[in-house]
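Structure first, then comments.
In the UniProt record's numbering, the protein residues as written are 1 to 376.
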């Protein structure tokens, strides 16, 4: 059951390999449904009558069953005081609303600043550009809206300090629409594919829910399997797929964090099947001592089949995964040398003697004031 769940999760993120057609972008029905949803939302907003900001911001006029009241002139005092909102109160309400949206992070409070609004606005523009390109492609016109916007989008997505904010705001869904093929099954521009695949490598770890909801895994898998994709982009897409699928199988891509036991188990799992069986003891292993002693039936000079000439040495196909144990006792390491190590006092005495030796004045010939050793 665990393997089945993993297979289903892989199929949800990257698409099923059994299907005849892989991820092919968004169909016309999806685009039309999105348009109808927007028009319906606009129709609901137009029904609500919003009063003027100065008279009462955010107050919608609703039709109620009330009796008709005659108009009261400004000179009369029949105006209800509860219905009047002063400009000062309106200013305070707006200020509180702004302060509620702009929460500063102090200790454990999350930052909600203007970056979130800018990111959300950029994502909306990215989706609109993708929709415009699909419409242009359906009308047999060059789809260059995304290409015009590519420079600004890439400059924003390369900001490492905003990567987490981009992921939280749902930039992956917009990137999926940009990487999706056009209605005529053609791939997006090469610069878009190269830049987005490079940026996806720079993003932090993406959760499985984010990959599944955004559909970015299917878009990358489609580029990886497409026959007209470049080799460099296929390599980048393959690395992304490998990196995203490793957490599903509880594998790590950081080999520095592996312990010694995990390294040995990984080396053993990578052994060929024949050598793995021999390592488990199911087949007898050759003993080097017996081989040197001649117990094995080896060919010798004069035997049938002996080749009496030099041959090209063949490479060894052995996998050295068993580390030999240290054969030297720790207590005997200091006793290996016969000489006694000089102490600190001996070093100082030797250094002082050398200094005194070289401090004396060096003369070519010793001169005697008594006239000794003079050649007369």
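We treat Cβ as the ideally placed atom computed from N, Cα and C, and that holds for glycine.
If you're wondering where the values come from, they're calculated on a predicted model, not measured in any experiment.
Taking 8 Å as the limit between beta carbons, can you name the residues of its chain near residue i, skipping five residues before and five after?
| i | result |
| --- | --- |
| residue 208 | 9, 13, 247, 248 |
| residue 372 | none |
| residue 116 | 165, 169 |
| residue 187 | 181, 193, 223, 226, 228, 229 |
| residue 204 | 163, 164, 167 |
| residue 368 | 374 |
Starting from residue i, trace the alpha helix (DSSP H) both ways and give me its first and last residue.
| i | result |
| --- | --- |
| residue 145 | 145 to 157 |
| residue 250 | Premise fails: residue 250 is in no alpha helix (DSSP H) and is neither H nor E. |
| residue 373 | Premise fails: residue 373 is in no alpha helix (DSSP H) and is neither H nor E. |
| residue 211 | 208 to 214 |
| residue 163 | 163 to 169 |
| residue 270 | Taken as a continuous stretch (DSSP letters only), residue 270 belongs to no alpha helix (DSSP H), as it is neither H nor E. |
Can you list, in chain order, the residues of its chain whose CB lies under 6 Å from that of residue i, leaving out five sequence neighbours each side?
| i | result |
| --- | --- |
| residue 193 | 233 |
| residue 173 | 214 |
| residue 299 | 305, 306 |
| residue 189 | 147 |
What would DSSP say about residue i, mapped onto helix, strand or coil?
| i | result |
| --- | --- |
| residue 306 | coil |
| residue 319 | coil |
| residue 341 | coil |
| residue 174 | helix |
| residue 226 | coil |
| residue 299 | coil |
| residue 87 | helix |
| residue 186 | coil |
| residue 205 | coil |
| residue 314 | coil |
| residue 141 | coil |
Please report the distance separating the alpha-carbon of residue i from that of residue j.
| i | j | result |
| --- | --- | --- |
| residue 28 | residue 221 | Low local confidence applies: a pLDDT of 49 at residue 28 is under 50, so the model's placement there is unreliable, and no value is given. |
| residue 7 | residue 236 | 23 Å |
| residue 86 | residue 98 | 19 Å |
| residue 139 | residue 133 | 10 Å |
| residue 15 | residue 212 | 10 Å |
| residue 229 | residue 136 | 23 Å |
| residue 156 | residue 125 | 13 Å |
| residue 57 | residue 96 | Unreliable placement is indicated for residue 57, whose pLDDT of 41 sits below 50; no coordinate value is reported for it. |
| residue 94 | residue 158 | 35 Å |
| residue 315 | residue 239 | 32 Å |
| residue 218 | residue 161 | 27 Å |
| residue 265 | residue 271 | 10 Å |
| residue 121 | residue 154 | 15 Å |
Ignore the nearest five residues each way along the sequence and tell me which others in residue i's own chain have a CB closer than 7 Å to its CB.
| i | result |
| --- | --- |
| residue 130 | 146, 177, 178 |
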